[in-house]
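Engineer: Protein sequence lines, in the order shown, are assigned to chains A and B. Each residue of the first sequence is one higher than the one before, counting from 1 in the numbering used here. Each residue of the second sequence is one higher than the one before, counting from 1001 in the numbering used here. Glycine included, every Cβ here is placed at the ideal spot set by N, Cα and C.
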Amino acid sequence: MYEITCDVAIVGGGPAGLAAAAAAKKEGTEKVIIIERDETLGGILQQCIHPGFGLKLFKEELTGPEYYGRFVDKVKELGVETLMNSMVLEIEKNTVVCMNKEHGITNVNTKSIVLAMGCRERTRANIMIPGTRPAGIYTAGSAQRLMNRQNEMVGKKVVILGSGDIGMIMARRMTLEGAEVVAVVELNNFLAGLTRNKVQCLDDFGIPLLLSHTITNIKGNDRVEGVVVSKVDEATKKVIAGSEQFFECDTLLLSVGLIPENELTRKAEIEISSITNGPVVNQYMQTSIPSVFACGNVVHVNDLVDNVSTESAIAGASAAKFAKGELGGGEEISVKTGENVRYVCPQRVVGGGGKVDFYFRVMAPKGQSVIAAKDGDKVLCSRKTIKVNPGEIEKITVDLGGVREIVIESREA
Amino acid sequence: MKTDVLVIGAGAVGTAITRELSKYNLNVICVEKREDVGGDCSKSNSAIIHTGYDASPGSLESELVVSANPAYDQLCADLDIPFSRIGAILPAITDEQFAKLPEIKEKAMKNKVYDVEYLTREQLLQMEPELNKDVKGGLYIPRESIIDPFLFVVAMAENAVANGATFMLSTEVTGIKTENGKICGAETTAGYIEADYIINAAGLFCDDVAAMVGKNDYYVNPRKGQFYILDKNTSCKVNHIVLPIPTKLTKGKLMCPTIHGNMLVGPTAEDLTDKYDKSTTKEGLDSIREDVSKLIPNVRLGDTITQYSGLRANRNPEGLHIDTYEDLYGYVNLSGVRSTGLTNSISVGSYVAMLLKNMGLDMVWKENFISKRKGISRFHELSREEQDRLIKENPLYGNIVCRCETITEGEIVDAIHAPIPARSVDAIKRRLRAGMGRCQGGFCGPKVLEILARELNCETSDICKNNAKSYMICGKVK
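(1) Do you know whose CA, among Leu380/A, Ile207/A, Ile259/A, Glu271/A, lies nearest Ala171/A's CA?
(2) Kindly indicate which three-state DSSP category Leu1026/B falls into: helix, strand or coil?
(3) When you compare each of Glu1270/B, Arg1389/B, Cys1464/B to Ser1424/B by their alpha carbons, which one comes out closest?
(4) Is the CB of Asn1233/B under 8 angstroms away from at least one CB in chain A?
(5) Can you give me, in chain order, the residues of the segment 132 to 158 of chain A that have a beta carbon less than 7 angstroms from any beta carbon in chain B?
(6) Residues in the same chain with beta-carbon distance under 7 angstroms from Ser1084/B, minus the five sequence neighbours each way, listed in chain order, please.
(7) Rounded to the nearest angstrom, what separates Pro1421/B and Lys1105/B at their Cα positions?
(8) Give me, in chain order, the residues of the same chain whose beta-carbon lies closer than 7 angstroms to that of Tyr154/A; leave out the 5 immediate sequence neighbours on both sides.
(9) Got a sec: is the Cβ-Cβ distance from Asp222/A to anything in chain B below 8 angstroms?
(10) Across which residues does DSSP place Tyr1331/B in a beta bridge pair?
(11) DSSP on Arg1431/B, reduced to helix/strand/coil?
(12) Could you tell me which residues DSSP puts in a beta bridge with His213/A?
(13) Using the C-alpha atoms, what's the distance from Asn277/A back to Ala315/A?
(14) Taking contact to mean 3 or more Cβ pairs, one atom from each stretch, closer than 8 angstroms, check whether the segment 1013 to 1030 of chain B and the segment 1296 to 1308 of chain B are in contact.
(15) Does any CB atom of chain A fall closer than 8 angstroms to the CB of Asn1221/B?
(16) Work out the CA separation of Asp1036/B and Asp1426/B for me, nearest whole Å.
(17) List in chain order: all unbroken beta strand (DSSP E) runs of 3+ residues lying wholly within the segment 1064 to 1142 of chain B.
(18) Determine the direct distance from the alpha carbon of Gly1138/B to that of Leu1101/B, and round the result to whole angstroms.
(19) Using a Cβ cut-off of 7 angstroms, pull out every chain B residue sitting near Asn100/A, in sequence order please.
(20) The segment 62 to 90 of chain A: which residues have C-beta closer than 8 angstroms to a C-beta of chain B, in chain order?
(21) Let's test the definition: count the other Cβ atoms within 10 Å of the Cβ of Leu1356/B and tell me whether it reaches 16, buried, or not, exposed.
(22) Report the rounded CA-to-CA distance for Arg37/A versus Cys1444/B, giving the unit in angstroms.
(23) Going by Cα to Cα distance, which pick from Asp1277/B, Leu1254/B, Gly1261/B, Asp1274/B is closest to Thr1268/B?
(24) Exposed or buried, Gln47/A, counting other C-beta atoms within 10 Å across all chains shown (16 or more means buried)?
(25) Report all residues from its chain with a CB closer than 8 angstroms to the CB of Leu1311/B; omit the five preceding and five following residues, and keep chain order.
(26) Can you find a C-beta in chain A that's less than 8 angstroms from the C-beta of Ile1305/B?
(27) Suppose contacts are defined by Cβ-Cβ distances below 8 angstroms. Is Leu1301/B in contact with Val1265/B by that definition?
(28) Would you say Met1001/B reaches chain C, if we count a Cβ-Cβ gap shorter than 8 angstroms as a contact?
(29) Please return the same chain residues whose Cβ sits closer than 7 angstroms to the Cβ of Ser1056/B, not counting the five positions on each side in sequence.
(30) Can you give the beta carbon distance from Asp1078/B to Lys1372/B, rounded, assuming they're within the 8 angstroms contact cut?
(31) Give a yes or no on whether the C-beta atoms belonging to Thr110/A and Val229/A are separated by under 8 angstroms.
(32) Considering only their Cβ atoms, is the gap separating Ala140/A from Leu254/A smaller than 8 angstroms?
(33) State the start and end residues of the unbroken alpha helix (DSSP H) segment that holds Gly1445/B.
(34) Around the Cβ of Ser1235/B, are there at least 16 other Cβ atoms within 10 angstroms (buried) or fewer (exposed)?
(35) In the DSSP assignment, what residue or residues form a beta bridge with Val97/A?
(36) Taking the alpha-carbon positions, what's the Asp1291/B to Gln1097/B distance?
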């Protein structure tokens, strides 16, 4: 079997892996390798040909390929090595077992590992839509890949379930390709994705958004012939009998959420949060196996790639420090979720001091709110915001000096 | 086209008959209207190889199932397909159910399934820690087993092909020609096939075929069964086939592992009239939750990765029938093959061979019959050393296409060019499980489509999910 040795091995060459690799190399480690299953770097951004990336990080609007292109240039310049077309089969503390056509089974022996595998889409079965199982039901991301990377048109008359960002972006994309988008149907009474995507992708093209509606049946034996859309009660989300409408279509796209892809993490018995479905990490993006770090959508699903890049740079630099034996530890401080907070990442911090950015999502949309980090009754820091929305990640920065416990909350003002 | 025997339908039964007949010096053609073998019922069922403990004692079904079960260990080894004798338990949760156990055991004895045993509450809870703690006692049926129903049919068909039989897929029988009370042949969508013997193994549609020769003194209605498949990672698992105590109305809903490590939960039993209605319904899926949680209270149906429904071919009047007719020489009609059809397909095969022999067909055994079939290498089941060797032999095995189930491009290409070729996305999925994992083809679907088009030398818009009208792609982007 083929053997490789390195300091930091990075699993995945999407935006998270690229940013982690660059940071690891900059930290002064000798050999950093990105292991990527695709034939090209860039991950999911390769199919995100629309603009809207980089506003935070580069202060300019880039397309997906432009955004990752900058990182690819950077890692090449820094001398990061790549192992392309290589699928990782399992990881251990200091080994990544992968395979490719050229070398067969390959053992990568490494001082530290960064997990950056991204996420996958929830499917029709996850949300249990009854009906037949014809051709023409795609997750929005698969349809996006087919259209933007393989030049294949998936359908002509489309209903989209879920108001996630990919769904809305695909509504615009399919319209531009001449398809008719009948409606975007959303179970909740609020938008799942970013408001700017609703404006730019739905409103500008006159595509109706049906909030508090869902699909209750799929018709068609060979190809989709239509879907039954029903109204749901805003509070209970139960289907309201008699509200069914039949929408004729040949395609159903699903944009019903993303799940971090943690098969390797699970197999390695790394602690996983039941809320984010990603590994539990500290402020260094370090998992329950000290030599294994994680970043990007494998940890928690982000809405902006800019945040992924920032978080991944921390993971990469920390993995490099660990490889050099320079990563500090300390006493563990617990991070808890307070009012209207679904999860916080990182979920734990190790003591010492310094400033840590905490990213979190709220449970329910609220108007004017005060976001705060507390240690008991003591407010560590707080800020006001005009509104909070589960679809948009919030951030709060806390100075860890002298803190014993951190509770993060979002209280309606 | 001319053949000695024409088998209509390539479900488990039709395929098993074809394979059985391929042991003799005969020309055998099996026609199937769908794009793949595995028919309707044979690919959407509970994937259990039954013992026959609960059959109607003395019936033909009882004889066929009871005699088929012991043959599976050798057969599956010969055909290179996975099979596991995990055994079934029948836990009694209520006093009323507990009182029924002796009756069930007695019936098993009458069916000559002598290894059915009583189990105490403690034994049951030890065997199945997730079982309802109210369990009073139960029965153990050790030889109830699980199989991969798709691979089973594909493997039998491939083995039959290796022994000279022919399968004609996407070929529908539209009429049967008879003359002077004798079978002459069949009109099909692929032309007329002259045949001395015709076996009607059309399952759900066997009454329609029987009507072509006026032997439809019965009708078939579909009895729908809906199922959930749960993620391999679900926290609440069972180790055996956990069966409810049957009521007068139904055999009830079970939970069991699949041969690949998922959990299967279901089925419902709903009598329908539409033979094409394979939809799932909220009511049906909800009823599974309600019933199965009585047996396994912590079952996590939220961990489902797919739901499907299958249609049992329910005969009216009921009962498994294999009929020949004095006034129609050369015709064999099978009807009422239901839940036990997967199991008894192989004994039905030998039974039909016997009927043909009795009818006067000259059946000379092939001395060079090939009993073994080698399947496609299952990459993910190999050791790292074996995987490494395989990639070195064929680099296509070095490219993982389906990441959920670890299926390689090599396996997909092999399946496309196998003796029974996989030509649709679903055919690939059934043989290899690419697209059967937790992302349900989200990642591998677009790649499988490309590989199929490349290997079959056609446009991606020609590739279907399954049948001819189930196109995936409607053209190129602008």
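Structural biologist: In terms of the structure at hand:
(1) Ile207/A
(2) coil
(3) Cys1464/B
(4) yes
(5) Thr132, Arg133, Pro134, Ala135, Thr139, Gly141, Ser142, Arg145, Leu146, Met147, Gln150, Asn151, Glu152, Met153, Val154, Gly155, Lys156
(6) Ser1145, Ile1146, Ile1259
(7) 44 angstroms
(8) The displayed chain sequence assigns Val, not Tyr, to residue 154/A. Tyr138, Ala143, Leu146, Met147, Thr251.
(9) yes
(10) Ile1198/B
(11) helix
(12) Lys231/A
(13) 18 angstroms
(14) no
(15) no
(16) 9 angstroms
(17) 1088 to 1092, 1117 to 1120, 1137 to 1141
(18) 7 angstroms
(19) Gly1398
(20) Asn85, Met87, Leu89
(21) buried
(22) 12 angstroms
(23) Leu1254/B
(24) buried
(25) Asp1040, Cys1041, Ser1044, Leu1204, Pro1222, Arg1223, Lys1224, Gly1225, Leu1272, Lys1275, Asp1277, Lys1278
(26) yes
(27) yes
(28) Reference to chain C is not applicable here, since the protein chains of this structure are A and B.
(29) Ser1062
(30) 5 angstroms
(31) no
(32) yes
(33) 1444 to 1456
(34) exposed
(35) Glu90/A, Asn107/A
(36) 14 angstroms
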